[in-house]
Each structure stands twice: as structure tokens, then as C-alpha cells.
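Student: Take a look at the following structure, please.
In the working numbering, the protein residues as written are 134 to 340.
Okay, here's the thing in C-alpha cells:
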């Protein structure tokens with residue numbers, strides 16, 4: 134495990150649930166709330182902090198930020214079907230080479246992915262390639278420069294089959310929970326997983 138603003142667990146051969154967001158997906162007022170909450174958490178959880186402490190911190194951080202992201206802050210560039218498609222294509226560009234992607238959803242201002250790195254690739258390597266390419270493509274199409282993404286992403290190791298099922302269904306239900314119209318989200322499930330009964334548990338089609 135290592136720490137930046139968030140804890141990150143790494144284990145060879147693991148599958149990860151990863152969330153990454155656009156740089157403007159949270160407004161400054163929400164970021165300030167996060168900073169104040171972090172300061173309070175550090176005061177109430179003095180070192181040495183256990184792995185359980187960090188797990189609880191990550192869970193609370195995720196619950197707070199997910200709710201805010203679902204409110205649709207920021208420019209939400211992936212409301213554009215063309216840019217959302219570019220993001221989706223990027224997520225599968227290195228399929229079976231650097232990683233196995235099992236499912237994902239592209240929301241207007243963030244993405245969720247279940248991914249297993251292959252070989253010596255780390256989650257950071259794969260995320261950097263996705264975010265770097267799509268960032269350049271979005272800037273090129275919109276005629277601008279500068280960073281597109283929030284630098285740090287959130288990731289968790291999938292612990293077991295039950296955890297995996299919950300994550301897959303969370304990804305599948307995230308657009309409905311956020312109240313998004315059908316043309317503002319795009320999701321994908323690996324065909325082998327669908328054939329094995331791991332599809333999203335609703336009637337909405339994938340794209």
C-alpha cells in the first residue's frame with residue numbers, strides 16, 4: 134500500500150475497480166469540504182494508522198465524491214457522444230495486451246472500470262495511457278490546451294466474487310442512480326462475462 138491523497142493497494146495478479154474523473158468534476162467548494170474533512174480525519178486518527186483506518190477513509194472519501202460527481206458538475210465533456218466513444222475505444226485499445234478490461238461505464242464527468250493488469254504493467258501505467266491519450270484527443274477536438282483529468286484516481290482491489298458482483302452492479306446502475314438520460318452514458322460488459330451470467334441486472338442495452 135502507498136499513499137498520496139488516497140491509499141492505494143497493490144497486489145500482483147489482482148483485478149481492480151478504478152474510478153477516475155475530469156479535473157473540474159468537483160467544484161472548489163466541494164474540494165474545500167474534502168480538505169476540511171481530511172484535516173478532521175487526521176486529527177481523529179493520529180499515526181500510526183492501521184490498514185482498516187485507511188480502508189474506512191477510502192470508503193468515506195469515495196461515498197462523498199461519487200455523490201458529488203453524479204450531480205454533473207463541470208464541463209462534462211463526455212456528454213458528447215463522439216468524445217465518449219473515444220474514451221470507450223481507449224479503454225479497450227490494449228485489451229489482452231497490457232490489461233483485461235471486464236466492464237466499464239463512461240459518465241459525463243467520470244469513468245468506472247474493472248480491469249486486471251497483465252504482465253509487469255501496473256494500474257498506474259494503464260491509467261496514464263488512457264488518460265494521456267484521451268486528454269490529448271479532447272483538447273485537439275475542442276481546440277485547447279491544458280490538463281483534462283484529476284491527477285489521482287481511486288482504486289480498490291477486488292477481494293472476492295461477492296465484492297466483484299457488487300462492483301459490477303454498481304457500475305451498471307450508476308447512470309440510473311445519477312438520473313442521466315440514455316444519451317449521456319455509455320457502458321460495456323465483456324461478452325464472455327455476459328455469457329457466463331455476469332451481465333448488468335437491468336433491461337438497458339449496453340453501447
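Quick reminder that beta carbons are idealized off the backbone N, C-alpha and C, glycines included.
Since I believe residue 178 is in contact with residue 285 (beta carbons under 8 Å), could you give me their beta-carbon distance rounded to a whole number of angstroms?
Tutor: Between residue 178 and residue 285 the Cβ distance is about 20 Å, and since that is not below 8 Å, they are no contact.
Student: Short check: CB of residue 155 to CB of residue 297, under 8 Å?
Tutor: The answer is no: Cβ separation not under 8 Å.
Student: Answer with buried or exposed for residue 305, where buried requires no fewer than 16 other C-beta atoms within 10 angstroms of its C-beta.
Tutor: It counts as buried.
Student: Of the residues 255, 202, 274, 176, which one's Cα is nearest the Cα of residue 144?
Tutor: Nearest C-alpha to residue 144: 255.
Student: Do residue 148 and residue 247 have their C-beta atoms closer together than 8 Å?
Tutor: In contact: residue 148 and residue 247 (Cβ atoms closer than 8 Å).
Student: Buried or exposed for residue 288, please, with buried defined as at least 16 other CB atoms from any protein chain shown within 10 angstroms of its CB.
Tutor: It counts as buried.
Student: Figure out for me which residue from 303, 267, 222 has the closest Cα to the Cα of residue 195.
Tutor: The residue with the shortest Cα to Cα distance from residue 195 is 303.
Student: With a CB to CB cut of under 7 Å and the five nearest residues on each side skipped, what residues in its chain are close to residue 327?
Tutor: Cβ within range, chain order: n/a, list empty.
Student: Can you check the segment 144-195 for any beta strand (DSSP E) of at least 3 residues that lies completely inside it and give the ranges in chain order?
Tutor: Counting only runs of 3 or more, we get 149-154.
Student: Going by beta-carbon coordinates alone, are residue 210 and residue 221 separated by less than 8 Å?
Tutor: No, these two residues do not count as a Cβ contact at 8 Å.
Student: Starting from residue 274 and walking both ways along the alpha helix (DSSP H), at which residues does that stretch end?
Tutor: Unbroken alpha helix (DSSP H) run through residue 274: 256-275.
Student: From which residue to which residue does the alpha helix (DSSP H) around residue 218 run?
Tutor: Here the alpha helix (DSSP H) through residue 218 covers 214-224.
Student: Three-state secondary structure (DSSP) at residue 308?
Tutor: Residue 308: helix per DSSP, three-state reduction.
Student: Can we say the segment 179-199 touches the segment 215-232, given the rule of at least three CB pairs closer than 8 Å?
Tutor: With the cut-off at 8 Å, the segment 179-199 and the segment 215-232 do not touch.
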